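Residue numbers (my numbering): 206 to 537.
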């Protein structure tokens, strides 16, 4: 054996040497390192996502909506308001909705606000009233000021607004008000609202009447107040009529003014600008010569309007809502 053959590897008998072929590709360490880095990034992102979902603080509940009704001893008042609140809750699931009355019915507003201690620290009072009268401008802010455990705002009243006109129109249609022009008929409407001595409330009532007239396609609408007119009340004294009442006419006076303009009494309807049945609403309906609309109650447009006023109060610090007479306001 020569030296050149001694160093060659020994081949086992019966096996042939493998044919020469292309060499295997070299190991690429940079590509492997990049793959490892990508895997690390993906796993890290997954872990961060898990941590965020596991330890994220729960979202703060929205401020409670406290609907403020005037209150009435009428047996139909409370069910009507509760039906309205049920519709509001159905429109906005998850929103805490509560009820408080100014008088004559329970729960009173002060009791409702006291009951929220420990369950809610922010509220918006939404008056189920239709003008800037004393209740809205004084009583509601004072109620919030007397509840130091709460921060909150008082929303604007429900009127004037186009949604209110829509709800009034809907109730008129339910009462048989004509849906279109009829030969020989000239429909007209008396808008019956609660009276107030606040001048701004008078302007609100007049604007509601104009909005309703526009919604009805130009049908005349006269605002009137629900209090009995001293001039038309037996033994009454016209000189003792309350000053600066929210509308210049009583319901009978408004009806008479429309008949003087040529409207037949049967074509004069009374629209009830009341959230629920009550003494005033019953009185106005009894004075209607033509169709008498029911109070607004749980009309869908009224429920949407309540939520609109709630959202409006939260969206601005100096908007349509009435500021609480203390430092605390809902921060948005």
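Don't be surprised by glycine CBs; every beta carbon is placed ideally from N, CA and C.
Quick caveat, the model's predicted, so the values are computed rather than measured.
Secondary structure of residue 424 (DSSP, three-state): coil. Checking the DSSP bridge columns, you'll see residue 375 has no partner listed. Within the same chain, Cβ atoms closer than 8 Å to the Cβ of residue 496 are found at 377, 380, 381, 382, 474 and 475, the five residues on either side in sequence being excluded. Within the DSSP secondary-structure output, residue 339 pairs in no beta bridge. Going by DSSP, residue 275 is part of no beta strand (DSSP E) at all; its letter is neither H nor E. Secondary structure at residue 303: strand, using DSSP grouped into helix, strand and coil. If you ignore the 5 residues before and after residue 286, its C-beta comes within less than 6 Å of the C-beta of 274 and 481, all in its own chain and listed in chain order. The distance from the Cβ of residue 373 to that of residue 489 is about 13 Å, inconsistent with a contact at the 8 Å cut-off.
In chain order, 429 place their CB closer than 6 Å to the CB of residue 454, counting only its own chain and leaving out the 5 sequence neighbours on each side. In this structure residue 277 is buried. Its beta-carbon is surrounded by 16 or more other beta-carbon atoms within 10 angstroms. With fewer than 16 other Cβ atoms from the protein chains shown falling within 10 Å of its own Cβ, residue 343 counts as exposed. Taken atom to atom, the span from the alpha-carbon of residue 280 to that of residue 309 is near 12 Å.
With a cutoff of 8 Å on beta-carbon distance, residue 406 and residue 336 are scored as near each other. Secondary structure at residue 507: helix, using DSSP grouped into helix, strand and coil. In the DSSP assignment, residue 358 is bridged to 329.
Per DSSP, the beta-bridge partners of residue 394 are 426 and 474. In the same chain as residue 302, and ignoring 5 residues on each side of it, the C-beta atoms closer than 6 Å to its own belong to 270, 290, 293 and 294, in chain order. For residue 320, the enclosing alpha helix (DSSP H) starts and ends at 314 to 320.
In this structure, residue 268 lies near residue 328, with their beta-carbon atoms less than 8 Å apart. In this structure, residue 272 lies away from residue 483, with their beta-carbon atoms at least 8 Å apart.
For residue 287, the enclosing alpha helix (DSSP H) starts and ends at 282 to 296.
Nearest in C-alpha terms to residue 314, of all of 323, 469, 333 and 500, is 333.
Straight across, the Cα-Cα distance linking residue 456 with residue 264 is about 50 Å. For residue 311 and residue 317, the gap between their C-alpha atoms comes out near 9 Å. When the alpha-carbon of residue 515 is set against those of 331, 304, 325 and 307, the nearest one is in 331. At least 8 Å separates the beta-carbon of residue 504 from that of residue 422.
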